[in-house]
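Novice: Dumping the structure here so I can ask a few things about it.
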Amino acid sequence: MSDRFVVVPVGEGVEEEGLGGQQEQHVEAGIHDDPATDTVSGGEPEAGTGGGVAGATADSDGLVPILKYEREPNKYGDGKTKESSPFINNTDNDLANNQYDGKNMALFEEEIDSNPMVSSLLNKLANYTNLTQGAQEHEEADEDEGHKKKVVKSPQMGTFMGVYLPCLQNILGVILFLRLTWIVGTAGILESLAIVVMTCSCTMLTAISMSAIATNGVVPAGGSYYMISRSLGPEFGGAVGLCFYLGTTFAGSMYILGTIEIVLTYIVPKAAIFKSETKEGEADALLNNMRVYGTCCLTLMSLVVFVGVKYVNKLALVFLACVILSIFAIYAGVIKTAIEPPDFPVCLLGNRTLQNQNFDKCLKTEIIDNLTVTTKLWSLFCSGPELNATCDEYFRVNEVTALQGIPGLRSGVIKDNMWSDYGPLSMLVENKHVPSVPVADNSRDVYMPYVANDITTFFTLLVGIYFPSVTGIMAGSNRSGDLRDAQKSIPVGTILAIATTSFIYVTSVVAFGACIEGVVLRDKFGDSVNGNLVIGTLSWPSPWVIVIGSFFSCCGAGLQSLTGAPRLLQAIARDGIVPFLQVFGHGKANGEPTWALLLTGGICEIGILIASLDAVAPILSMFFLMCYLFVNLACAVQTLLRTPNWRPRFRYYHWALSFLGMSLCLALMFICSWYYAIVAMVIAGCIYKYIEYRGAEKEWGDGINGLSLNAARYALIRLEDSPPHTKNWRPQLLVLVNVDSDQVVKHPRLLSLTTQLKAGKGLTIVGHVLEGTYLTKEAEAKKAEQNIKTTMTAERTKGFSQVVVSSNLRDGFSHLIQTAGLGGMKHNTVLMAWPGTWKQSNDPASWKNFIETVRESTAAHQALMVAKNVDSFPTSQERLGEGTIDVWWVVHDGGMLMLLPFLLRQHKVWRKCKMRIFTVAQMDDNSIQMKKDLQMFLYHLRLDAEVEVVEMHDSDISAFTYEKTLVMEQRSQMLKQMMLSRTEREREIQSITDESRSSIRRKNQAGAQAGAGAEALSPSRQPSPMEVEQESQEDEYEKTLVLDTTAKLPSWAQLIHDRNTASHATLNEKAEATPDRVHMTWTKEKLFNERQRHREANATVAVRDLFNMKPEWESLNQTNVRRMHTAVKLNEVVVNKSQGAHLVLLNMPGPPRNRGGDENYMEFLEVLLEGLNRVLLVRGGGREVITIYS
């Protein structure tokens, strides 16, 4: 095939329908069909090929052919029924002339449903359109894929209209018009430039990081919330998203307060409802007016947003024009001051600035018709208009001077405005270059018409007030769904907008300091210039240009905040990561977020009730700074982790720049207001923990998971270097659980015990083994793993689950013990439940697997804990009362028995329990000294426990012990014989025959040396090849059936056989001649015959004689008798001392080295634990786990 897609002609009868039926579809997608020109690799048509295949066209002029994708699987197509199937073995259409598409892809036919053809995938991507704001995310599949999707017009907005102008409109706003002149006058030009540089650098670095994230794939509507949540995970995304929502909401409050301030201060001052008769009450009256009018304005704006956002969008261009026109008016005014400064005189009394609203002339007296008369200014400082009236002392001794408020660029006033002039509340605004005569009593200055500070000013306060003027950089990313090429437009438009606004702010600071008198700059509300907006006095042609422009700018910004904030909240609610916000995901039928708008209006009202623009600005600064901080963090994390999906088209970023931006954001948060910063962090932290605890689990491929993975890898590599020190040792548990037929955990209390023992610390792996092959048990394994995770969550067990499918359970448990964990994070302790039904089970695999697990854990040098009666253990919600945890320390196990009660008592379930330690003393031990030594040992271990030494004297073995041993061996031997196969029976018959012949040979050889009965096993005899082969085949079985007869005593089975064939004297004689290792057999046939014989001779009497005869006891395996004796005596002591304890911890004896005695081992443990409720058997792992050293 050539290097381009080519066309295969369709068959008769299908061509017209297949191509003609899809012609319209391709035209809509912008793809053209020309079936007449379909060719194969140069022009020769290929015969016998089905219809509906891909085609391409190219004319003779060398034009690039246009690809046509015909075949689309239903999963990726438009849901229309296709004429043919892509599968060869399709049975839906059996027509002889039906030619299937894709015969050359038959090798992949079974994977097409899950792995689409490349042609279909490319067609899907070609028809992809970004979602509009408020819609679902692009990666979420529609619930009904069969419905035909509506044709969405491709977005057409470019960089200038889609990103640059919206960012410009959002950045330039209320602070520029209402507070920047005051900031320049208070902080001075140098410190103002420092504020502008810091804040603009912060936003520029954030824009670089945001550009990298925004160009790393498609960013649907949601803006910064989407970027942060998908980069840092749902917890960070939800926390920062809500903070960004709160910041946007409080920004709406700030814009509304700015609107009301412009109206009441500069446009219609007489509209104030609350008025103050005295100067000291003016501030409170203004705040009350702001609250009333602000609430009304908020209600009106909310109604506009509720009625229709389209009206807000239509007015956005008008608001933007007002902002741009105002900026041009300012620059025009600055240029005009160099030619002809405007006339705005400022009246000074001494060096104090006067409010120029209640008088018209800056004179104390004036001469009219040769008469000296007082002015309105005289009446403000004196008791009357008379010349002899009592006047304020400072007014009397100082002269009134008029000063030009806007001296212009060439006046040199820039030198005076270079430095800061901070002051406390009510500090008078003074010009220190004008002479003044001070007076002793300044107590009445607050009542005089001086211009004074309405708040205490300092550098950090001004940073917090100014920062909202540089926010709004997310406007472009929020409109990514409307951009023609978002990955190109967002970085270019955002960075250009920030550069433009930074230039405007820097030049404005210099221009204000160079053109306006310092006392006018520090006059926040323009009282010294007849109540004009200070920045308006500088503008050209009229101050009203700035007043009207700033009014509409604030109105537009407030409407956009009330429009954007509810949609942001709706996006968070629809993500489902914050459960209590679910209700705000709903809205009107057209998707408008009604409930979110109500909440936004309520929060916005809180900001309006604060009523002070200077108090609200630092609040929203905190939330925006936190948002920008996490944008930088997201970019830095993704860059450092070098995740494969991190491939931004924007190349001009670096992790160092992101960290610098993040550090700058954090520093600005505490510079603005350290207590607001702490409150914002606490709010974000609470939201984070709430989402982590109650929120929905989302897997968004976020960077925090990658960061956790890298941190875990680093820690694991460090742990691999050396095993943990004894001081750091804690049980890292592998919990072996069983599940029922429905794959539900059988003993959930085992996980409760794990939770109580671990308290969330260390490693916990809950493992289970399924018998079978993974191919057939995959679904069951996944279901079992999910059920185990559910049970772990219910029992609050923090850890991992692992289900292994193995051909048999023994190998599966062995694999878990060997391979569970990773690197240094491997388990060192195995926890399992006691197989309580092993006696009732017909299958010996239950107890054999248990014993093999004990052996495996011992071989792996891992500690072992076995919980008996685990279903009676307390749940994690229970609280045990006063009681004891009894430790029976029989043999030293590395200190496990000491450590476990201490760990349990850290949990609230066992907290009230006391610890008791019992140890066993033999006859030759000094029990008093043992108790003292043990108490001293516990003292050094810093453990509080009662100590008791139990003396176990040597005593005769009781009849009960012999009886228990006899029953145990009888059951053991019968189980062995019942398991014999037919082949094994034949081998046993041959073995019996050999033994009989050997016995006859021994009787005929009088005077032969002792042990000649072992002739068959003698080294002097050379076995035949057949015998050698037979011995090798029977070797494993022989290990099971051979008993240690060091005491020269036969088994109980042989005893019964001999009782019926010889006397007791003959029996003793045979015992002396018995070799050390003899085959003792009891076949099923012999057992049946023996039972028949006993029935004939009165079975009851026979059994009674069997249990009561001393020779039968003496014939028992004495090793088993001694072990049973130990188990019985120790059980008596433990039951006597600890039957009422909440928990008994006991050393677990090891299994026998000879596997032939495994069932006896289970009997010993049953006898040892008889009569005890909650028991935890413990075996050490071969190392010390507790130390007396610090």
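So the number in our numbering is just where the residue sits in the sequence shown, counting from 1, plus 169. The C-beta atom is built at its ideal place from N, Cα and C for all residues, glycine as well.
(1) Using C-beta distances below 7 angstroms, list every residue in its chain close to G1052, excluding the 5 sequence neighbours before and after it, in chain order.
(2) Assign H1030 to one of three DSSP states: helix, strand, or coil.
(3) Closest to A853 by CA distance: which of Y424, L888, F792 is it?
(4) For my contact list, L738 and A780 are in at a C-beta cut-off of 8 angstroms; report their separation, rounded to the angstrom.
(5) Beta carbon of M1001, beta carbon of V1035: below 8 angstroms?
(6) Among N557, L374, P510, C834, which one has its Cα closest to the Cα of K533?
(7) Exposed or buried, what is V432 when buried is set at 16 or more other beta-carbons lying within 10 Å of its beta-carbon?
(8) Looking only at its own chain, which residues have a Cβ that is under 7 angstroms from the Cβ of F1042, when we skip the five neighbours before and after it?
(9) Give me the Cα-Cα distance between T1405 and V387, rounded to the nearest whole angstrom.
(10) With distance defined between alpha-carbon atoms, name the residue in A666, Y883, E861, V689 nearest to C516.
(11) Since V481 and G682 should fall inside the 8 angstroms C-beta cutoff, what is the C-beta to C-beta distance between them, to a whole number of angstroms?
(12) Roughly how many angstroms lie between the CA atoms of D1094 and K1101, to the nearest whole one?
(13) Report the three-state DSSP secondary structure of I1086 (helix, strand or coil).
(14) Looking only at its own chain, which residues have a Cβ that is under 6 angstroms from the Cβ of R756, when we skip the five neighbours before and after it?
(15) Assuming G407 contacts I856 under a Cβ cut-off of 8 angstroms, what Cβ separation, rounded to an integer in Å, is found between them?
(16) Within this structure, are the beta carbons of I715 and I704 separated by less than 8 angstroms?
(17) Pull up the distance between the alpha-carbon of A726 and that of T812, whole angstroms please.
(18) In the structure shown, what three-state DSSP assignment does G1309 receive?
(19) Please report the distance separating the alpha-carbon of P554 from that of V566.
(20) If we count the other Cβ atoms within 10 Å of its Cβ and call it buried at 16 or more, is T384 buried or exposed?
(21) Just to confirm, is the Cβ distance from C369 to T506 under 8 angstroms?
(22) Let me check one thing: in DSSP terms, what residues is D1055 bridge-paired to?
(23) Kindly indicate which residue of G1350, K1306, L359, V938 has the alpha-carbon position closest to the one of S1026.
(24) Can you list the beta strand (DSSP E) stretches of 3 or more residues lying completely in the region 559-629, in chain order?
(25) Alpha carbon to alpha carbon, how far is A758 from E314? Give it in angstroms, no decimals.
(26) Do three or more CB pairs link the region 328-345 to the region 623-641 at distances below 8 angstroms?
(27) Is the separation between the beta-carbon of I659 and that of G645 shorter than 8 angstroms?
(28) Mind reading off the beta-carbon distance from I860 to V752? Whole number of angstroms is fine, and I expect it under 8 angstroms.
(29) Run through the region 892-948 for me and flag every whole beta strand (DSSP E) of 3 or more residues, listed as ranges in chain order.
(30) Between which two residues does the beta strand (DSSP E) harbouring Q971 extend?
(31) Using only alpha-carbon positions, find the residue among L1103, S910, M1065, K951 that is nearest to L1315.
(32) Going by DSSP, which residues form a beta bridge with M326?
(33) Residues bridged to M994 by DSSP?
(34) Taking the C-alpha atoms as reference points, what is the distance between D561 and V473?
(35) Can you tell me whether Q1104 is buried or exposed? The criterion is at least 16 other CB atoms within 10 Å of its CB, across all chains shown.
(36) By DSSP, does P510 sit in helix, in strand, or in coil?
Specialist: Taking the structure as given:
(1) Only C1082, A1310, H1311 meet the Cβ criterion.
(2) Correct three-state label for H1030: coil.
(3) If we check each option's Cα against that of A853, F792 comes out closest.
(4) Taking the Cβ atoms as the reference, L738 lies roughly 24 angstroms from A780, outside the contact range of under 8 angstroms.
(5) In this structure, V1035 lies closer than 8 angstroms to M1001 by Cβ.
(6) K533 has its Cα closest to that of N557, out of N557, L374, P510, C834.
(7) By the C-beta density criterion, V432 is buried, having at least 16 other C-beta atoms within 10 angstroms.
(8) Sequence-distant Cβ neighbours of F1042 in its own chain, meaning closer than 7 angstroms and more than five residues away, are R918, S921, L922, A1036, R1343.
(9) There is simply no residue 1405 to check, as the chain begins at 170 and stops at 1359 in what is shown.
(10) Among A666, Y883, E861, V689, the Cα nearest to that of C516 belongs to V689.
(11) About 37 angstroms separates the two Cβ atoms, so there is no contact after all.
(12) Distance between the alpha carbons of D1094 and K1101: 13 angstroms.
(13) Under the three-state reduction of DSSP, I1086 is assigned to strand.
(14) The displayed chain sequence assigns Gly, not Arg, to residue 756. Excluding sequence neighbours, G756 sits near P762, T763.
(15) Correct: roughly 6 angstroms between the Cβ atoms.
(16) Yes; because the gap between Cβ atoms is below 8 angstroms, this pair is in contact.
(17) Rounded to the nearest angstrom, the two C-alpha atoms are 38 angstroms apart.
(18) G1309 falls in the coil class under three-state DSSP.
(19) Distance from the CA atom of P554 to the CA atom of V566, rounded to whole angstroms, is 18 angstroms.
(20) Counting of Cβ neighbours within 10 angstroms places T384 among the buried residues, the total reaching 16 or more.
(21) Cβ distance not < 8 angstroms, so C369 and T506 don't count as in contact.
(22) DSSP lists R1085, V1313 as partners of D1055.
(23) Comparing Cα-Cα distances from S1026 to each of G1350, K1306, L359, V938, the minimum goes to G1350.
(24) Listed in chain order, the beta strand (DSSP E) elements of length 3 or more contained wholly in the region 559-629 are 569-573.
(25) Reliability fails at E314, whose pLDDT of 41 lies under 50, so the model's placement of it is uncertain and the value that follows must be treated cautiously. Cα to Cα, E314 sits roughly 21 angstroms from A758.
(26) Because the criterion of three Cβ pairs below 8 angstroms is met, the region 328-345 and the region 623-641 touch.
(27) The answer is yes: Cβ separation under 8 angstroms.
(28) Not a contact, Cβ separation roughly 17 angstroms.
(29) Within the region 892-948, the complete beta strand (DSSP E) runs of at least 3 residues are 902-905, 933-940.
(30) Residues 969-975.
(31) Nearest option by C-alpha distance: M1065.
(32) DSSP lists L652 as partners of M326.
(33) The beta-bridge partner set that DSSP reports for M994 consists of L991.
(34) D561 and V473 have their C-alpha atoms spaced approximately 53 angstroms apart.
(35) Answer is exposed; the Cβ neighbour count stays below 16.
(36) Coil.
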